[in-house]
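Just so you know, the protein sequences line up as chains A and B, in that order. Straight run, no breaks: the first sequence in the numbering used here ends on number 505. Straight run, no breaks: the second sequence in the numbering used here ends on number 1505. Positions of the beta carbon are idealized from the N, C-alpha and C atoms, including for glycine. A short worksheet on the structure shown next.
Number of protein chains: 2
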Amino acid sequence: MSLLFTPLAIRSMTLPNRIVLPAMVTRLSGEDGVVNDDIRARYVRYAKGGAGLIVVEAMAVHQSKSGPLLRISSDDFAPGLADLATRCHDAGPGKVVPQIIHFLKISRSGWRQTVDMLSAQEIDDIVDAYGTAAARARACGFDGVELHMAHAYTLSSFLSRLNPRRDAYGGTLENRLRLPVRVIERVRASVGGDFPVGVRFLGEECIRNGYTPVEAGPIAVRLARAGADYISLSAGGKFEDARHIPGEPLYPYTGYSGDRCMPGSNYPDGANLYIPEAVRACVRAAGLETPIVAAGKIGSLELAEKVIERGQGDLIGMARALLADPDLPKKWQRGREEAVVRCVYGNVCKALDENFRRVDCTLWPKKLGQAPESEDTVPPEWPASGAELTAEYKDGRVLVRWKSATDNEQMYGYQVFRAEGADAPLTHFASTRSASSRFEDPRVIGGETYSYALRPYDLAGNRGAMTPRVTVVVPIEHVPAADPVHLQIAKDPGAVEGCAVVTGR
Amino acid sequence: MSLLFTPLAIRSMTLPNRIVLPAMVTRLSGEDGVVNDDIRARYVRYAKGGAGLIVVEAMAVHQSKSGPLLRISSDDFAPGLADLATRCHDAGPGKVVPQIIHFLKISRSGWRQTVDMLSAQEIDDIVDAYGTAAARARACGFDGVELHMAHAYTLSSFLSRLNPRRDAYGGTLENRLRLPVRVIERVRASVGGDFPVGVRFLGEECIRNGYTPVEAGPIAVRLARAGADYISLSAGGKFEDARHIPGEPLYPYTGYSGDRCMPGSNYPDGANLYIPEAVRACVRAAGLETPIVAAGKIGSLELAEKVIERGQGDLIGMARALLADPDLPKKWQRGREEAVVRCVYGNVCKALDENFRRVDCTLWPKKLGQAPESEDTVPPEWPASGAELTAEYKDGRVLVRWKSATDNEQMYGYQVFRAEGADAPLTHFASTRSASSRFEDPRVIGGETYSYALRPYDLAGNRGAMTPRVTVVVPIEHVPAADPVHLQIAKDPGAVEGCAVVTGR
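Below, the structure written as C-alpha cells:
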C-alpha cells in the first residue's frame, strides 16, 4: 500500500495525496501583480496532474516595488485570485493555497534594507498586512494559506541567527521568533480556527553562523504551537552569501546557500533529508503531530515513499520535478512511473529566474511554454534498422549520435544514460529534445571509459526501448573544450538542452 | 556480530577494527617540528584505547614557515618519528600512519599564495617532496602513509573546482586531478607495492561553485586507480569563505565550510553521511573495493554500526569523540558503551585551534592535559539523600543545582540531560566537570518548559544513576542574559565547560 497516496487531513482540508508543489517563482505575472492567462494556465496544468497540495507562488502582502510578482495586498487582486482558485479546483483533486510574502527593499547598488531598519510601526504594519492578506486568501476560496518565512525575505530574516536587532525582535531565539509568532497568531485570528495555515521556513540557513536543524526543531515547535498547521522546510537561499553583480539587485540564490536551496545534478538525491528528519523528530518529541513537508531533489517514487516510511517527512515537496512533468502524481498513482518525464536537476529553471526571465522547463517542447498533455499510451519506436547509436571522441568532447525515433503521436525527447566505465551501471545523465539526434558531453576525463545508451519518449512520457550501450575511451591527452553548456546558460538560458551537468563552469 | 570489530586488510596492514582516528591538529609540537613528550603522550594514549587506525596529525613534507607543526621533511626528523611509531605499536593493537601535507604561504595581511602562483618547477618539487617524505614514513616504521588532499591545503586547492590555473593543472576535472595523481604515483613508486597509501580529500567543498559528492565520486575513482588504498572523506574547511581577522593569518575553518568540516552540536549526528554514501556508491559502481572512511559527528556505537551496515562507509573516522575518550574503542568492544565519556560536540577543541592554543578536550580534568586512565568499574554514587536536583529560572537563564556525587576512585563529571517540555525524551545536552555542582543554561525560550536530569561519571567513565527529572517553566517575559558561553570562549576557550551549545552567539 502506497503511503504517498494516503490522504492527509489538515484542519478543514483533506489532501488526496502527499505530493506538494512548493511555491516556485514563474515570472509569468506582470508588474501589476494581477493573475493573467499565463499564470492561470500554469497552475491549472499542475492541478490537472493531480498533486495533493498546490502552493501558488509567493504573492506580496504589501505594496512595494518589485519585478513581476503576484499580489494579494488589496481587494483589487481578489477577483483574479478567486478565479484562479476556482479553475484549479475544477481541474483536479488537489487543494490550493497561496504563499504570502513580505520582503524588504533592495537596490541595484547591492544595498538592501535589513530588519534592524524597521521601526516598531513598520513591524506592526507587517503583522497587519499578513492578517489582512490571509483573510483575503480565505475569501478568494483558497483552501488555506502558507506564510513565507524562508530564504532571504522579511520573516526569515527575523528568524535568522544573523538577525542584527538588539531589541525584543532580535538577539535570542525567543526574540527572533517574536514577529513570526505574532504573524501566525494574527493570521489565525483573522482566518478562524478551521482554516489551514502553513509555514515554510528554513531548516538550515546554510551560511556562516546561520542556524541549523538543531535550532530549526525548536523553531518549528514554536511556530506549530502558535498555530501553524503544517511546516514546509527549505534550506539556504540567503542574501548573506549572494554574489553581487554590479548594476543588478542582489539575488539570494547565487551563493553556496543558493546551491543548497535547489540542489542540482551535482548533489545526490535527497541530499537535504537530514534537515526534515531532525526537525520532524523534534516536533514529534514535543508531542505535536504537525505534518512536515520534506523537499530537495526528491524525484523518484522509491525515494518519496522511503522518506515517508523512514519518518523524514509526511509530505513530499517537489517543485522542479512537477515543473518538468505536472502529471507525475497521476502517473505514479497509476503505476506508470516509467512514463514520467524526469527532471534532470540541471537547474536551467533556476538560471532563468536568476536572469529575470520567464521560468519554463528546458525539457518542454520549444515555444510551447507549458508541459505538453497527452493520454496516449503507445511508446515511440526506433527505426527498423535500430538507433544506430555511436559515441566518438571529437574536439574535446564525446559526441553521441543516433537515428531519430518515431511516435504514433509526437516525439518529445531522449533520455541519455551514461556510465563511467564499460560495465558500470548506466544512470540517467541528461535529456535532450526530439529535434536533436546528437548529444555532446564535455564532462569527461582523459584516460577514462564512458558508456552511453538512449531511450526515446513521447509527449505522454511513454518511453521506447533502451538502445544497446556504446563505449568510448577518452584519450589520455584529452584537451577539454570550453564548457558549452555553461557558456550557453550565461548567454541564453532558454536555449540550453536539459543536461544533468549544466552547473559546470 | 559487530561489523565494527571485523578486521580489515589494506595491503600489508590489517586493521583490528574499523575505528579510525583521523588526523587532528594538536598544537603540541614546537616550531622545530620535532616529536616531543606531549606528542608522544597524546598518540600513545590513543594507541592504548584501541583505535584500529591512528592517523598522526599532518606533518609537513617541505620546509616552510608555519606555527607549531610536525615535520617529515628531512632525516633530522626521522628518529623522533620512528620512536613515536614504536611506542604506539607497543601500546596497542592499532596501525599507525602519518598524514603528510604540503601547504602554501599565508600572511597576517590576509594574503595567501594560490596554486596559480606555482611554477612548473615548484610543482615538480611538491611531487618530489611527497615521494621522499612517504619513503621516510616507511623507513620510520609506520604502517602506511596518508596523503593530505583535503581542506585548504595545496593538493586540495588543485582538486578544487575553484582552482584558478588555466594550464594542464587547472580548469577541467582531469587537469585538476593531474598533480594529485602525479603525487600518488610518485609515492607509490617510492614506497613500493605493498605499503598502504591512503588519501584524505573533500567529498564536498561546501563553498560556492565548489565541487560536491557527485564530482567527488569520479575523483575518488581516479585517486584509487592511481594507487590510493583507502579514501578518507572530509568536507569543507576552505580559505574561500574564511573570515579574515585583521592581523591574523586566514584560518580556513571560520566560514560556513568550517562549520561543515567539524559539525558541532548544532548539527544532527552524522549530518555529512550523504557524502561518503554517494562517493562510495560511485567507487563500487566502478568495480573498486577501496575502503571509504566516513566521518562527521559519528559518536555512538549504534550510528557507527549503521554506517557500515547501510554502506555509507567501511571505516568510521572519529576525531573529537576519541579526543574526549581515547578508550572508546576498547569500551565499545567490551560492551561498555555506557562508560564512554561522550563528546558533546561543543567544538571547544576547534576554538582552541582557531586561537592558536594547545588542543585539549574541555571535558578532561583541568590541568591533566590528557584523557585520564582508569580500569575501575565501580560507578559514582549520589549521597544517601539523593542528588537533590533543582532547576530554577534566574537572571535570564535556568540554573540547575545538585549535591555532589562521590566515587570510590575519583569523580570526573556530570552529564546534563535536557528535554524541551515536561514529558519529552531527555537527551544528552552538555557535560560539566566534577568540581561544579551547578549548571547554567542560557539557551531557553520564554514561555517554554524544560526538563533536566543528571548522571555522574568517574575517571573510568562509569556512570551513576540518572536523577529524577526536574522541570522549570521559563517566564514568557524572559529577558535573556548575554550568552556567557560564547563570551567565555572568546576570552578563554580553555575555561569553558563542555556544553552542547557553545556555538551560540
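*Distance, Cα to Cα, ASP1458 of chain B vs VAL1474 of chain B?*
Straight across, the Cα-Cα distance linking ASP1458 of chain B with VAL1474 of chain B is about 32 Å.
*Please work out which residues of its chain come closer than 7 Å, Cβ to Cβ, to GLY110 of chain A, disregarding the five sequence neighbours upstream and downstream, and give them in chain order.*
HIS244, LEU250
*Hey, does ARG1222 of chain B have any beta-carbon neighbour from chain A nearer than 9 Å?*
yes
*Inspect the beta-carbon positions of MET1059 of chain B and ILE1106 of chain B and report whether they are closer than 9 Å.*
no
*If the cut is a Cβ gap below 8 Å, which residues of chain B does HIS478 of chain A touch?*
Chain B residues near HIS478 of chain A: GLU1174.
*Three-state secondary structure (DSSP) at PRO484 of chain A?*
Bear in mind that a pLDDT of 44 at PRO484 of chain A, under 50, signals an unreliable position, so the model cannot answer this.
*Between the segment 148 to 163 of chain A and the segment 113 to 127 of chain A, are three or more C-beta pairs nearer than 8 Å?*
yes
*Within 9 Å (strictly less), CB to CB, does GLU420 of chain A reach chain B?*
yes
*Could you work out which residues of chain B lie near SER265 of chain A, taking near to mean beta carbons separated by less than 8 Å?*
VAL1214
*Below-9 Å beta-carbon distance, SER257 of chain A vs any chain B residue*: At least one chain B Cβ lies under 9 Å of SER257 of chain A.
*Ignore the nearest five residues each way along the sequence and tell me which others in VAL44 of chain A's own chain have a CB closer than 7 Å to its CB.*
ARG87, CYS88, ALA91
_Starting from GLU1146 of chain B, trace the alpha helix (DSSP H) in both directions and tell me its first and last residue._
Looking at the DSSP string, GLU1146 of chain B is not in any alpha helix (DSSP H); the run it does join, the beta strand (DSSP E), is 1145 to 1149.
*Would you decide whether ILE1298 of chain B is buried or exposed? Buried here means 16 or more other CB atoms lie within 10 Å of its CB.*
buried
*With 7 Å as the C-beta to C-beta threshold (strictly closer), list the residues of the segment 427 to 450 of chain A near chain B in chain order.*
Taking 7 Å as the Cβ-Cβ cut-off against chain B, the residues of the segment 427 to 450 of chain A that qualify are ILE445, GLY446.
*Whose C-beta lies closer than 6 Å to the C-beta of PHE1005 of chain B among residues of the same chain, with five residues either side of it excluded?*
ASN1017, GLN1333
*Would you call THR368 of chain A buried or exposed, if buried means 16 or more other Cβ atoms sit within 10 Å of its Cβ?*
Note that residue 368 of chain A is Leu in the sequence shown, not Thr. Exposed, by the Cβ-count rule.
*At what residue ranges does the segment 1334 to 1395 of chain B contain a whole run of the alpha helix (DSSP H), taking only runs of 4 or more?*
Whole alpha helix (DSSP H) segments, 4+ residues: 1348 to 1354.
_Assumed close pair PRO164 of chain A, VAL115 of chain A - CB separation to whole angstroms, cut-off 8 Å_ = 7 Å
*Which of the residues in the segment 1029 to 1040 of chain B, read from start to end, lie with their CB under 7 Å from any CB of chain A?*
none
*Whole-angstrom C-beta distance between ILE1054 of chain B and VAL1096 of chain B, which should lie under 8 Å*: 5 Å
*With distances taken between CB atoms, is the gap from VAL1470 of chain B to TYR1393 of chain B smaller than 9 Å?*
no
*For a contact meaning CB atoms closer than 9 Å, what does CYS1261 of chain B contact in chain A?*
Going along chain A, no residue has its Cβ under 9 Å from CYS1261 of chain B, so there is no contact; the nearest lies around 12 Å.
*Which residues of chain A have a Cβ atom closer than 8 Å to the Cβ of CYS1206 of chain B, listed in chain order?*
Annotation: Cβ neighbours of CYS1206 of chain B in chain A (cutoff 8 Å, chain order): TYR256.
*Tell me where the alpha helix (DSSP H) around LEU1021 of chain B begins and ends.*
Per DSSP, LEU1021 of chain B belongs to no alpha helix (DSSP H); it is in the beta strand (DSSP E), 1019 to 1021.
*Taking the alpha-carbon positions, what's the SER2 of chain A to ALA41 of chain A distance?*
30 Å
*Meets three-Cβ-pair contact criterion under 8 Å: the segment 1398 to 1407 of chain B and the segment 1428 to 1444 of chain B*: yes
*Locate the alpha helix (DSSP H) running through PHE1103 of chain B, then write down its first and last residues.*
Premise fails: PHE1103 of chain B is in no alpha helix (DSSP H) and is neither H nor E.
_Whole-number beta carbon distance between LEU1322 of chain B and VAL1340 of chain B, since they are thought to touch under 8 Å_ = So it is not a contact: roughly 10 Å between Cβ atoms.
*Completely contained beta strand (DSSP E) runs for the segment 387 to 448 of chain A, where each covers 3 or more residues*: 390 to 394, 397 to 401, 411 to 420, 427 to 433, 438 to 441
_Can you confirm whether LEU1454 of chain B, when its beta carbon is compared against all beta carbons of chain A, has any partner nearer than 9 Å?_
Not one chain A Cβ lies under 9 Å of LEU1454 of chain B.
*Determine whether the Cβ of GLY287 of chain A lies closer than 9 Å to any Cβ atom of chain B.*
yes
_Test: PRO484 of chain A CB closer than 9 Å to a CB of chain B_ = For PRO484 of chain A, the predicted model reports a pLDDT of 44, less than 50, meaning its position is unreliable; a value from the coordinates is still stated below. With 9 Å as the cut-off, PRO484 of chain A does not count as an interface residue toward chain B.
_Between the alpha carbons of GLY498 of chain A and ASN266 of chain A, how many angstroms are there, rounded?_
In this prediction, GLY498 of chain A scores a pLDDT of 48, lower than 50, which makes its location untrustworthy; no coordinate-derived value is stated.
_Residues that PRO218 of chain A contacts on chain B, provided the C-beta gap is smaller than 7 Å_ = GLU1420, ILE1445
*So with Cβ pairs under 9 Å, would you call ALA152 of chain A a contact of chain B?*
Taking CB atoms only, ALA152 of chain A has no neighbour in chain B less than 9 Å away.
*Minimum C-alpha distance to ILE1438 of chain B - residue among B:LEU1389, B:ALA1351, B:GLU1420, B:GLY1311*: Before going on, a small fix: residue 1438 of chain B reads as Arg here, not Ile. For the residues B:LEU1389, B:ALA1351, B:GLU1420, B:GLY1311, the minimum Cα distance to ARG1438 of chain B belongs to B:LEU1389.
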